[in-house]
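Undergrad:
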Amino acid sequence: MSNIEQTLSIIKPDAVERNLENEIKEMFKNKNFKIVKEKKIQIEKSEAENFYKVHETKPFYNDLCSYLSSGPILVMILEKENAVLDNRELMGATNPKDANDGTIRKKYGISIDKNSVHGSDSIENAKIEIDFFFKD
Ligand code: IDP
Ligand code: MG
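So, in structure tokens, the structure goes:
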């Protein structure tokens, strides 16, 4: 029985701005993720507020939504076995200072807010987030 999953990945404005898209995509491909769909977009702050709704009570919510809408992002559907958890592992801890060697955030993250990538945290949220960006 296969457990092929899909998860949503976003290369955030700090990384797109530094032209890191291809290097980060290589890291996904090297870990056997298939990039099923991708698009480069810039979203409105109101869309970021919807996307990050789960964080609306957090003190960093406003800055987070301003930031995600501040420049172009690359959104991708990634696919492999155990994609959700494997992507979280490859991303590394939310704060790049705490991220393990070999992770995207360790390599490229600047700070807890400019941490270069987003990844879905559960299969359920992956479906919601994929729909958010790719539902036609
Ligand atoms: P995650 O991206 O590792 O899943 P979440 O807790 O879901 O982390 O937080 C979403 C995003 O909000 C983080 O990626 C980070 O950019 C930002 N964030 C999280 N905690 C803080 C904080 O304490 N201060 C500022 N920004 C934060
Ligand atoms: Mg999260």
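Residue numbering for the sequence shown follows the numbering used here, beginning at -7 and increasing consecutively. Heads up, the beta-carbon is just placed ideally off N, CA and C, and yes, glycines get one too. Since this is a predicted model, take the numbers as computed values, not measurements.
1. By how many angstroms is the C-alpha of residue 115 removed from the C-alpha of residue 52?
2. Could you check if residue 92 is buried or exposed, using at least 16 other CB atoms within 10 Å of its CB as the buried criterion?
3. Could you name the residues of the same chain whose beta carbon sits closer than 8 angstroms to that of residue 56, not counting the 5 residues immediately before and after it, in chain order?
4. Considering only heavy atoms of the ligand IDP, does any lie closer than 7 angstroms to the CB of residue 56?
5. Going by other Cβ atoms of all chains shown within 10 Å of its Cβ, with 16 needed for buried, is residue 38 buried or exposed?
6. How would you label residue -2, buried or exposed, when you count the other beta carbons within 10 angstroms and need 16 or more for buried?
7. I need the DSSP call for residue 77, collapsed to helix, strand or coil.
8. For residue 42 and residue 14, I'd like the C-alpha separation in whole angstroms.
9. Would you call the segment 60 to 69 and the segment 85 to 100 in contact, with 3 or more CB pairs under 8 angstroms?
10. Looking only at its own chain, which residues have a Cβ that is under 6 angstroms from the Cβ of residue 60, when we skip the five neighbours before and after it?
11. Closest by CA to residue 109, which one among 126, 80 and 33?
TA: In short, the structure shows the following:
1. If you number the sequence shown from 1, residue 52 lands on position 60. If you number the sequence shown from 1, residue 115 lands on position 123. Cα to Cα, residue 52 sits roughly 25 angstroms from residue 115.
2. Your numbering for residue 92 matches position 100 in the sequence shown. Exposed, since its Cβ has fewer than 16 Cβ neighbours within 10 Å.
3. Stepping through the sequence shown from its first residue, residue 56 is reached at position 64. Here the set comprises 40, 44, 47, 50 and 105.
4. In the sequence shown, counting from the first residue as 1, residue 56 sits at position 64. The closest heavy atom of the ligand IDP lies less than 7 angstroms from the beta carbon of residue 56.
5. What you label residue 38 is simply residue 46 of the sequence shown in a count that begins at 1. It is exposed - the Cβ of residue 38 has fewer than 16 other Cβ atoms within 10 Å.
6. Translated into positions along the sequence shown, residue -2 becomes position 6. Looking at its Cβ environment, which holds 16 or more other Cβ atoms inside 10 Å, residue -2 is buried.
7. Here residue 77 refers to the residue found at position 85 of the sequence shown. Residue state for residue 77 is assigned as helix, using DSSP reduced to three classes.
8. The count along the sequence shown starts at 1 and reaches residue 42 at position 50. The count along the sequence shown starts at 1 and reaches residue 14 at position 22. The straight-line gap from Cα to Cα measures roughly 28 angstroms.
9. With fewer than three CB-CB distances shorter than 8 angstroms, the segment 60 to 69 does not count as touching the segment 85 to 100.
10. As a working note, residue 60 is residue 68 in the sequence shown. So the list reads 40, once near-sequence residues are dropped.
11. For the purposes of this step, residue 109 is taken as residue 117 along the sequence shown, with counting starting at 1. Looking only at 126, 80 and 33, the smallest Cα-Cα distance to residue 109 is reached by 80.
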